[in-house]
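Same order as they appear, the protein sequences are chains A and B.
The first sequence lines up with residues 279 to 808 when you count with my numbering.
The second sequence lines up with residues -7 to 372 when you count with my numbering.
Notes follow once the structure below has been shown.
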Amino acid sequence: MRRLVGPLWVAIVVVVAAAGCTSSPSGTSPNATFKNGPATLNLLAGSELKDMLPILNDARKATGVSVNLTYVGSLDGAEQIAAGSTADAAWFGSDKYIGLAGASTKILAREKIALSPVVLGVRADVAQQLGWSSGKASWKDIVAAVDAGKLTFAMTNPTVSNSGFSALVSVASALAGGEALSANTIDSVGLKKFLSGNQLTAGSSGFLVDAFVAAQDRIPAMVNYESVLVSLNESGRLKSKLMLVYPTEGIVTADYPLMLLNSDKREAYDKLTAYLTRPDVQSAVQRLTARRAVAPGVAADPRLPTSLLVEASFPANIEVTRLLLDQYQSELRRPANTVYVLDTSGSMGAPGRLDAMQAAMKGLAGADDSLSGTFTRFSPRENVTVVSFATDVKDVQSWKITSSDPNSPELTDLRSHIDGLTADGRTAIYSALNRGYDAALEAAKADPQAATSIVLMTDGENNEGIQPSEFINRMTNRPGSEKDIRIFTIRFGEANPAELQQIADITGGKVFDGRSGSLSQVFKEIRGYQ
Amino acid sequence: MLTLGLAAFLLLAVIVVVVVSNRGGESNAAVVVVRGVIGSEKKPFFDDQRVKDAFRKAGFDVKVDTAGSRQIATTVDLSKYDFAFPAGTPQAQKIKTDRKAKTVYVPFSTPMAIASFEPIAKILQSAGVAQDNGGWWSFDMAKFIDLVGKDTRWKDIVGNTDYPANKQVLITSTDVTTSNSAAMYASIASYLLNGSNVVASVAQAQAVAPAVAPLFGRQGYTEQSSEAPFDDYLSIGAGKTPIVMIYESQFVARALAKDGSIKPGMVLMYPTPTIISKHSLVPLTPNGDAIGQLLSTDPTLQGLAVQFGFRTADPDAFAKVVKAAGVSTAPSFVDVVEPPTMDNLDALIDAIANEMKSASVTTAASTSTSNATTNATTQP
């Protein structure tokens, strides 16, 4: 070792003889510096960032940089970036999906804008029963409460949504002994117990809130961002407020990185990030959204606790994260009964209809090899039923999925069944939906632990069989236990939007628009809700 | 012709902009735009208006992009830049060789440091790792590596009531494969594990890697560049980063800025041994060379460098400034080691990365194999 005594920070100055080398203005200076293009940033953003619009509006006034937001899910956005999105920048709760999609090299700059840990909100009475009134509980306590049948909760699907993903990582790392997860420390027994309590799911944190509000009598807790839970408590939409529990082993904090994709927009990007991280603006973000300030020197928000929040370690390797999500789909999550009620009437014969629907279904049945394709594939312990209809129900068939290998007998058979569908006849939507509902109930009775849901895709108006009013009548007259099945409807072609909305609303489902964009994308998006 | 016309127009536009932007400036000479790629830890310095003004006074408008210091030496396309300014000597030497640069400027330097919080430092003191020297702390790297080797958890340290986390005791660092500060951390550890000798061969690098790798692998996910974990330290705090490997300059700059980010109870610890990170500017064009000279010799820029927490050729300047601001820093360093040469540092980092990867891939592969077996046996 070199032992040096005394001040050592003597900087070494290497003097060189190349003096007076300033060149003409054109010299080596790139033209890009003087680019005077319009200061507009097209942004891919998570839908929960809608609440930043007032701040972005102020940013435009202060900096001249205007921002156009296109809302996409974290996984979807990451895949778009990997495929070479033309967006100038991206803004999500985390950049972890971008790493998963292998798109990290597309990120030219990154600036964290705000912080929000993913925690558990528990209805105050239930928190008291469980002894968590102080807000202190461990993930292990939470798993034990679920296992004892004392707690169920809402949480987004970790394969597509960052809040569910963050919670899954926190729980997995807590069960692994509090260290960064590795492939051989995933405690699948413990995780399965935890996820058995996930009685309500969604593909986005925002929709989960709406679904939770509707189900608040039945489900007493929700995993979500601290900011979402605090805002929900202030919204007046809850009969009883949620107590926020910050699990002691560690939580994962979303840091909302604003990421530059287009080098030509660096100047606008720099201006916007400089504005958003200004202490007064950070203070405003904190007040408006209940996300924590990331810039130092901003006073804490009294609504957000300043006590020590231990951060869980994130897996070092993408392979481990990927393995955790693959295991989530194939063995950890609740089993699923999924019923597809598919319109194969004559009108579906129009170009881009039946073939698009067949491609979408076959994608889920193993034909889609992309990252989102594998995360949304029909998975082991899932029971898939297809009800095809026109003038009447044409066919009802079910497949028990035992493997996510695209060449498995059941997925191969399911794809060839879809290939065999033809378009002819009139449209008996509600007779078919009724039949689908019976099939779903039957499956739910056979496996009460499973998550059961229905997808209805139609391109026309009902002109055969029972009327929508009669279907709704039958639905509402069913005993309570039979009403928990959500119906997700896909608006396509000339389908009646009001009717589809009504069906989705009374079952706690959601309408998806299949008219613009890719039908496959919609079928994949719905997987996050099943 | 069209391209020529466009080029002529752009040139004209450049001149117009230059003239306009010079109006009211101190100099009437044409301003030359110079582009550099720098380690992210120096971005606040280059963004500062006083620094911009000092460059402008000399006739330059310096535009910088940031990248990890190791990326600057390996993957960044340097053809777009007039200078490269990584945080360490090994990277600068590599760029100098690769790009056949004539020289390297070292306008300022900063020692590696560990940012922490007083209660955490006291816990480490009772574990025999840290020692209070009156405001600034020393951090015994050899004893710390022993703790990590024993898989010590924070809550297991006797007398620890302030930080009862079940997490392993680890220094938060950046990604060892991309960032200089992590590479310097690995260099210090490898020195100790190599019998107090700088790693001087590929064989030595491979021999110490298995013991160095856990310092990084156990952290889980690490960030690419040195600003990110320090930002977490400032904004999230002890919950995420109880101890974080930084450049001393990062902490001092924040303290001198008096922006409220350094709160009471935040302390600087210095690893023993330590490495002095010599911020090294490699000129790639004559304009880049001029920037290197200015940074090294211009009194205003040297003075501003101190304001940004760097130690310059004048040690008294730094001492005076930190004292006036009430920041406790180490006055001198006894145990200082050199990093390995870029080749040996590369070998060390590759070996560490391989250790980390092979551990995870083997286990991942064996887990999925066992899954496949289970599926096969349960299928009818």
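Glycine included, each C-beta is placed from N, C-alpha and C at the ideal position.
No experiment lies behind these values; they were computed from the predicted model shown.
Those residues which DSSP pairs with residue i across a bridge
i: B:Q160; result: B:R145
i: B:Q24; result: According to the sequence as given, residue 24 of chain B is Val; it is not Gln. Looking at the DSSP assignment, B:V24 forms a beta bridge with B:F52.
i: B:I389; result: One cannot answer for residue 389 of chain B here, as it falls past the ends of chain B, which runs -7 to 372.
i: B:P103; result: B:I268
i: A:F766; result: A:V733
i: B:T166; result: B:E215
i: B:R303; result: B:S101
i: B:P332; result: Looking at the DSSP assignment, B:P332 forms no beta bridge with any residue, so it has no partner.
Local Cβ density within 10 Å of residue i, reported as buried at 16 or more and exposed below that
i: B:G16; result: Residue placement at B:G16 is flagged as unreliable, the pLDDT there being 42, under the threshold of 50; a coordinate-derived value is accordingly withheld.
i: B:P221; result: buried
i: A:G371; result: buried
i: A:R565; result: exposed
i: A:A578; result: exposed
i: A:G787; result: buried
i: A:R611; result: buried
i: A:L727; result: At residue 727 of chain A the sequence reads Gln, which differs from the Leu that was named. Exposed is the call here.
i: B:Q160; result: buried
i: B:Q242; result: buried
i: B:S165; result: buried
i: B:R42; result: exposed
i: A:L353; result: buried
i: A:P593; result: buried
i: A:S723; result: Note on residue identity: the sequence assigns Lys, not Ser, to residue 723 of chain A. A:K723 is exposed by the Cβ-count criterion.
i: A:K384; result: buried
C-beta neighbour in chain A for residue i, strict 7 Å
i: B:K232; result: yes
i: B:Q85; result: no
i: B:D90; result: no
i: B:D251; result: yes
i: B:L226; result: yes
i: B:E212; result: The sequence given here has Gly at residue 212 of chain B, not Glu. Closer than 7 Å to some Cβ of chain A, the Cβ of B:G212 qualifies, so yes.
i: B:N158; result: yes
Short CB-CB distance (under 7 Å) between residue i and chain B
i: A:P746; result: no
i: A:P583; result: no
i: A:V530; result: no
i: A:V447; result: no
i: A:G305; result: Low confidence applies here, because A:G305 scores a pLDDT of 33, under 50, leaving its location unreliable; read the following figure in that light. Closer than 7 Å: yes.
i: A:L692; result: no
i: A:P580; result: no
i: A:V572; result: yes
i: A:M586; result: The sequence as given places Leu at residue 586 of chain A; Met does not occur at that position. A:L586 counts as touching chain B.
i: A:G380; result: no
i: A:G575; result: yes
Distance cut-off 6 Å: residue i Cβ against heavy atoms of the ligand ZN
i: B:Q299; result: The ligand ZN is not part of this structure, which contains no ligands at all.
Any chain D beta carbon closer than 7 Å to residue i
i: B:G318; result: Note that chain D does not occur in the displayed structure, where the protein chains are A and B.
Inset, instruction - Note down, one range per segment and in chain order, each beta strand (DSSP E) of at least 3 residues found wholly within the stretch 653 to 721 of chain A. - result: Listed in chain order, they are 660 to 667, 671 to 679.
Legend entry - Interface residues of the stretch 511 to 527 of chain A facing chain B [CB-CB below 9 Å]: T526, E527
Legend entry - Interface residues of the stretch 588 to 616 of chain A facing chain B [CB-CB below 7 Å]: V588, E589, S591, F592, P593, A594, N595, E597, V598, L601
Inset, instruction - Compile a chain-ordered list of the residues in the stretch 455 to 466 of chain A whose CB is closer than 8 Å to at least one CB of chain B. - result: G455, G456, E457, A458, L459, S460, A461, N462, I464
Inset, instruction - Any chance you could list the alpha helix (DSSP H) runs of at least 4 consecutive residues sitting entirely within the stretch 315 to 392 of chain A, in chain order? - result: Qualifying alpha helix (DSSP H) stretches, in chain order: 331 to 341, 352 to 360, 374 to 378.
Inset, instruction - Only counting runs of 4 or more residues, tell me where the alpha helix (DSSP H) segments fall wholly within the stretch 212 to 292 of chain B, in order along the chain. - result: Here the runs fully enclosed are 219 to 227, 240 to 249, 278 to 289.
Inset, instruction - May I ask you to list, following chain order, the residues of the stretch 32 to 52 of chain B that have a beta carbon less than 9 Å from some beta carbon of chain A? - result: D39, A50, G51, F52
Legend entry - Length at least 4, wholly inside the stretch 467 to 526 of chain A: the alpha helix (DSSP H) runs in chain order: 483 to 492, 504 to 513, all fully within the stretch 467 to 526 of chain A.
Legend entry - Against chain B: residues of the stretch 465 to 484 of chain A by CB proximity under 9 Å: none
Legend entry - Runs of alpha helix (DSSP H) lying entirely within the stretch 528 to 593 of chain A, each at least 4 residues, in chain order: At a cut-off of 4 residues, the continuous stretches assigned as alpha helix (DSSP H) that sit fully inside the stretch 528 to 593 of chain A are 544 to 554, 557 to 567.
Inset, instruction - Anything in the stretch 549 to 565 of chain A with a Cβ closer than 9 Å to a Cβ of chain B? List those residues in chain order, please. - result: A552, P557
Legend entry - Within 7 Å of chain B by C-beta, residues of the stretch 382 to 414 of chain A in sequence order: K390, L393
Legend entry - Whole alpha helix (DSSP H) elements within the stretch 407 to 460 of chain A, 4-residue minimum: 417 to 425, 440 to 453
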